[in-house]
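*Asks:*
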Amino acid sequence: METSSFAHVIFQNVGKSFLPQAPLECHYTLTPAITPHPKDWVGIFKVGWSTARDYYTFLWSPMPENYVEGSAVDRVVIFQGYYVPRSDGEFYQFCYVTHSGEIRGASTPFQFCQATPTGEELLTVEDEANSDILVVTTKTGLLEREEEREKHTHSQVYTLTRTHTHTHTVFVC
1449 METSSFAHVI
1459 FQNVGKSFLP
1469 QAPLECHYTL
1479 TPAITPHPKD
1489 WVGIFKVGWS
1499 TARDYYTFLW
1509 SPMPENYVEG
1519 SAVDRVVIFQ
1529 GYYVPRSDGE
1539 FYQFCYVTHS
1549 GEIRGASTPF
1559 QFCQATPTGE
1569 ELLTVEDEAN
1579 SDILVVTTKT
1589 GLLEREEERE
1599 KHTHSQVYTL
1609 TRTHTHTHTV
1619 FVC
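Below, the structure is given as structure tokens:
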């Protein structure tokens, strides 16, 4: 039975999307059909690539310690956030490339997307100007609003204190 050379390296637990600019773990298994080499690498490719030179970024695949030829080996590489694509609506995939430029494994496609708040992160609060209106915001948004309100309050207190102090510093002759 003949297998595709793309099945010689199997990528594990590839999500449908990842955060842009965040560290990205890539888990993969080298099957017994491939012998690892120090110059093999894992790349992130935009779907539609045609050669091994079409990579977005890559990392060298670490050599397994105590490797026994003909055995399967699990590996991990971590792409640092500044090396991964931004949220651009494109689909990408991991590919394992041998030292001779052969692509021996390709993951399922994924995207880089900004995080969207989950139900737990969303809050409903009353609008300050109109209690009949409810505002949906994130916890971060609420904290930022409270911080701005606090700064504004401190600014007003400081202005009142300066004005009050100034009126008492007038000398009468």
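Note that the sequence shown covers residues 1449 to 1621 in my numbering.
Even for Gly, the Cβ is constructed at its ideal location relative to N, Cα and C.
1. With a cut-off of 8 Å, do at least 3 Cβ pairs link the region 1502 to 1522 to the region 1553 to 1564?
2. Could you have a look at residue 1554 and say whether DSSP puts it in helix, strand or coil?
3. Please say whether residue 1495 and residue 1474 have beta carbons closer to each other than 9 Å?
4. In its own chain, which residues sit with a C-beta less than 6 Å from the C-beta of residue 1522, not counting the 5 before and 5 after it?
5. In the structure shown, what three-state DSSP assignment does residue 1599 receive?
6. Within the continuous beta strand (DSSP E) that includes residue 1475, where are the two ends?
7. Can you give me the Cβ contacts of residue 1582 inside the same chain, cut-off strictly under 8 Å, excluding the 5 residues immediately before and after it?
8. Check the DSSP bridge columns for residue 1465 and list the partner residues they point to.
9. Do you know offhand how far residue 1459's Cα is from residue 1525's?
10. Looking at C-alpha atoms only, which residue of 1539, 1457, 1593 is the closest neighbour of residue 1559?
11. Quick check: the Cα distance between residue 1519 and residue 1480, rounded to an integer number of angstroms?
12. With residue 1495 as the anchor, note down where its beta strand (DSSP E) starts and where it stops.
13. Using the beta-carbon count (16 or more within 10 Å), is residue 1516 buried or exposed?
14. Rounded to whole angstroms, how far is the Cβ of residue 1534 from the Cβ of residue 1484, which I believe are closer than 8 Å?
15. Roughly how many angstroms separate the alpha carbons of residue 1598 and residue 1470, rounded to a whole number?
*Replies:* Reading from the atomic positions:
1. At 8 Å Cβ cutoff, the stretches do not touch.
2. Here residue 1554 sits in strand by DSSP.
3. No, the pair does not count as a contact, with Cβ atoms beyond the cut-off.
4. The residues are 1477.
5. When secondary structure is reduced to three states using DSSP, residue 1599 falls in the helix class.
6. Start and end: 1472 to 1478.
7. Taken in chain order, the residues that qualify are 1572, 1573, 1574, 1575.
8. DSSP, once it has assigned bridges, lists 1559 as partnering residue 1465.
9. Rounded to the nearest angstrom, the gap between the Cα atoms of residue 1459 and residue 1525 is 11 Å.
10. Checked all of 1539, 1457, 1593; the closest Cα to residue 1559 is 1539.
11. Computed Cα separation, rounded: 5 Å.
12. Counting along the chain, residue 1495 sits inside no beta strand (DSSP E), nor does DSSP assign it H or E at all.
13. Residue 1516 sits exposed, since fewer than 16 C-beta atoms from the chains shown fall within 10 Å of its C-beta.
14. In fact, because the Cβ distance is near 31 Å, the residues do not count as touching under 8 Å.
15. About 32 Å.
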